[in-house]
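A.B. asks: Input: one structure, supplied below.
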Amino acid sequence: MRNVSIDWIEEAAVESHISGIAYTLQDGECTLTWQWPENVHAVYIYSYSVDHEQSIEERPAKSMKLYTREEYKSAKGYCERLETIERHGYIVYPCVRQDGKLVAIKQEDEDNRIQFSAGKAIIKYGIHYRKSLFSKRQSVRIQITSEVHVKKEVLCFVKKEGSLPLHKDDGIVYPFVHDFEPGRNEMSEIEIQKNEYIKLFFTDGKKYGQIYELMPE
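In the numbering used here, the protein residues as written are 206 to 422.
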């Protein structure tokens with residue numbers, strides 16, 4: 206539902222442009238700072254989880270906070286405690302007076318927004334092999350324990366003949382078919398050759414390594 210308490214106008218004037226947005230994060234406390242244009246004395250701040258970003262039309266009122274220049278000076282920024290370990294984001298919208306009322310400007314660029322990881326969630330995994338004495342194959346069960354919900358696209362497992370895979374491309378890559386819920390997740394058993402080994406990796410180490418820490422049990 207549209208946040209009817211906020212009136213929006215398109216950005217037209219450079220002098221109302223927010224820039225220089227930055228953050229510091231210490232012990233879960235985030236302090237957001239930015240450069241204020243001379244004619245702007247209030248802003249709306251959109252605070253959101255990157256995985257659940259909403260358009261202006263969809264945002265609930267509680268996700269948009271009116272913040273004045275005086276409050277900013279007093280607190281030396283905008284301060285918020287983050288109770289999350291997911292990637293978090295902020296968008297700061299300048300506000301101006303128009304026809305006697307406060308309106309928010311739709312500034313749609315990179316100068317007024319920032320995203321960062323609020324902490325790393327731990328993902329632990331166990332790989333359990335069950336071999337039969339007279340069979341050329343073995344059964345494998347993968348167990349994943351996570352602190353948070355993890356999308357199936359984050360992880361993959363790699364199978365290699367003769368030794369454990371050293372990285373994602375060191376063998377045959379297999380995707381997962383279901384997301385992982387917080388807590389313990391048991392995968393269905395799979396069968397592989399007796400001389401094959403399996404290991405878990407991020408599908409994109411650079412991207413997901415900033416959000417999660419993957420470790421064997």
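All C-beta atoms in this analysis are idealised placements derived from N, C-alpha and C, irrespective of residue type, glycine included.
Just so we're clear, the structure is a prediction, and the values are computed from it rather than from any experiment.
Please classify methionine 206 as buried or exposed, where buried requires at least 16 other C-beta atoms within 10 Å of its C-beta.
C.D. replies: For methionine 206, the predicted structure reports a pLDDT of 36, less than 50, and the residue's modelled location is therefore unreliable. A value from the coordinates is still provided. It is exposed - the Cβ of methionine 206 has fewer than 16 other Cβ atoms within 10 Å.
A.B. asks: Please tell me whether threonine 273 and alanine 309 are closer than 7 Å, where the distance is taken between their beta carbons.
C.D. replies: Not in contact: threonine 273 and alanine 309 (Cβ atoms no closer than 7 Å).
A.B. asks: Where does histidine 293 sit, in a helix, a strand or coil, going by DSSP?
C.D. replies: Strand.
A.B. asks: Considering just the uninterrupted stretch of the alpha helix (DSSP H) at serine 279, what are its terminal residues?
C.D. replies: Start and end: 274-280.
A.B. asks: On the DSSP letters alone, give me the boundaries of the alpha helix (DSSP H) that glycine 324 sits inside.
C.D. replies: From DSSP, glycine 324 is part of no alpha helix (DSSP H); its letter is neither H nor E.
A.B. asks: By the three-class DSSP mapping on this structure, what secondary structure does alanine 266 have?
C.D. replies: The answer is helix: DSSP assigns alanine 266 an H, G or I state.
A.B. asks: Proline 265 to asparagine 317, Cα distance in whole Å?
C.D. replies: Their backbone Cα atoms lie some 20 Å apart in a straight line.
A.B. asks: Could you tell me the distance, in whole angstroms, from the CA atom of isoleucine 327 to the CA atom of isoleucine 319?
C.D. replies: So the alpha carbons of these two residues sit roughly 24 Å apart.
A.B. asks: Does DSSP put serine 431 in a helix, in a strand, or in coil?
C.D. replies: Here the chain covers residues 206 to 422 and nothing more, so residue 431 does not appear.
A.B. asks: Considering only residues of the same chain and omitting the five flanking positions on each side of valine 382, which have a CB-CB separation below 7 Å?
C.D. replies: For valine 382, where only same-chain residues beyond five positions count, the Cβ hits under 7 Å are Lys357.
A.B. asks: Tell me whether the beta-carbon of proline 387 lies closer than 7 Å to the beta-carbon of serine 351.
C.D. replies: Yes; because the gap between Cβ atoms is below 7 Å, this pair is in contact.
A.B. asks: Whose CA, out of Ile226, Tyr277, Val378 and Lys365, lies closest to the CA of asparagine 400?
C.D. replies: Cα-wise, what sits closest to asparagine 400 is Lys365.
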